[in-house]
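The structure under discussion appears below in the form of structure tokens.
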Amino acid sequence: NAGVMQNPRHLVRRRGQEARLRCSPMKGHSHVYWYRQLPEEGLKFMVYLQKENIIDESGMPKERFSAEFPKEGPSILRIQQVVRGDSAAYFCASSRTGNTEAFFGQGTRLTVV
Amino acid sequence: AQTVTQSQPEMSVQEAETVTLSCTYDTSESNYYLFWYKQPPSRQMILVIRQEAYKQQNATENRFSVNFQKAAKSFSLKISDSQLGDTAMYFCAFMKHQGAQKLVFGQGTRLTINP
């Protein structure tokens, strides 16, 4: 039973480019959460999605960031026109329901140069 | 809004010693979950232990145990017989029992176990 899979593990983008981060939840999980971890800090919640629905996006920056979790395929976190301040580790977690334990992927480290 | 505070940025102990990591939180909720996560250099977030607020009994998982003081809003982690593999960042986290199922994390404590 594969865990939460995130790819790529490392992503380098130049300022102004787009970054697309993918997350495949564990089998049977329909709830996905995205978190961002800045260097030497804890994880900060960004967005909570169920299949085809955004449930809570209170932690998402208002501009340039978007997330989706389509009926088929992985969840995607998209960052348009990246800036240096977007450099961070982005973690995805999934759970079977909203009340059960969430399992984390290994994260994607985004570096903006 | 909920907040989680870890007041010890770094700690260091000798192998086989016992170490306690502190965590306090602030919430107006009466029912919730508290967690300790371990993040080794591999960056993987690993759940160490979980406590449900309505349970008075402190959770234990092998060498890991918590001291949950609900009135004081304190949730410390005790690691007994520490091992080199326990070296990692440790994060305390809060989650409401119902509603938005998102984790609120503390800033982390970097724990080093010395041989």
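Sequence lines, in order, name chains A and B. Per my numbering, the very first residue in the first sequence carries number 1; after that it's consecutive. Per my numbering, the very first residue in the second sequence carries number 114; after that it's consecutive. Heads up, the beta-carbon is just placed ideally off N, CA and C, and yes, glycines get one too. Everything numeric in this text was worked out from a predicted model, so none of it was measured.
For the set B:Ser189, B:Pro153, B:Thr116, the Cα lying nearest the Cα of isoleucine 226 (chain B) is the one of B:Pro153. For glutamine 17 (chain A), same chain residues with a beta-carbon under 7 Å away, outside a window of 5 residues either side, are Val82 in chain order. The beta carbon of glutamate 174 (chain B) lies closer than 6 Å to those of Ile162 in the same chain, with the five residues before and after it left out. Sixteen is the threshold: since fewer than 16 other Cβ atoms of the shown chains lie within 10 Å of the Cβ of leucine 197 (chain B), the residue is exposed.
According to the DSSP secondary-structure assignment, serine 24 (chain A) is paired through a beta bridge with A:Met5. At a C-beta separation below 8 Å, phenylalanine 204 (chain B) has these neighbours in chain A: Gly42, Leu43. In its chain, beyond the 5 residues on either side, His31 have a beta carbon closer than 7 Å to the beta carbon of glycine 98 (chain A). Distance from threonine 118 (chain B) to threonine 140 (chain B) at the Cβ level is roughly 12 Å; contact not present, criterion being Cβ atoms closer than 8 Å. Buried is the label assigned to threonine 222 (chain B), since at least 16 other Cβ atoms lie within 10 Å of its Cβ. In this model, lysine 51 (chain A) and tyrosine 146 (chain B) are separated by some 25 Å (Cα to Cα). Shown here for glutamate 57 (chain A): same chain residues with a beta carbon closer than 8 Å to its own, the five before and five after excluded, namely Met46, Val47, Tyr48, Ala67 in chain order. Under the criterion of beta carbons closer than 8 Å, isoleucine 76 (chain A) and arginine 22 (chain A) qualify as touching, at roughly 6 Å. Non-local beta-carbon contacts of methionine 202 (chain B) in its own chain, meaning distances under 6 Å to residues more than five positions away in sequence, involve Gln152, Gly221, Arg223 in chain order.
Pairing phenylalanine 188 (chain B) with phenylalanine 204 (chain B) gives a Cβ-Cβ distance that is not under 8 Å. For glutamine 50 (chain A), the uninterrupted beta strand (DSSP E) run begins and ends at 43-50, by DSSP. Contact of alanine 67 (chain A) with chain B is not assigned, every C-beta pair being separated by 8 Å or more.
A Cβ of chain B is located within less than 8 Å of the beta carbon of glutamate 101 (chain A).
Under the Cβ distance rule, leucine 216 (chain B) counts among the residues neighbouring chain A, one pair being separated by less than 8 Å.
At a cut-off of 8 Å between beta-carbon atoms, arginine 176 (chain B) makes no contact with chain A. Taking all protein chains in view, the Cβ of valine 12 (chain A) is surrounded by fewer than 16 other Cβ atoms within 10 Å, so the residue is classified as exposed. The beta carbon of proline 70 (chain A) sits closer than 7 Å to the beta carbons of Glu52 from its chain, once the five residues preceding and following it are set aside; these are given in chain order.
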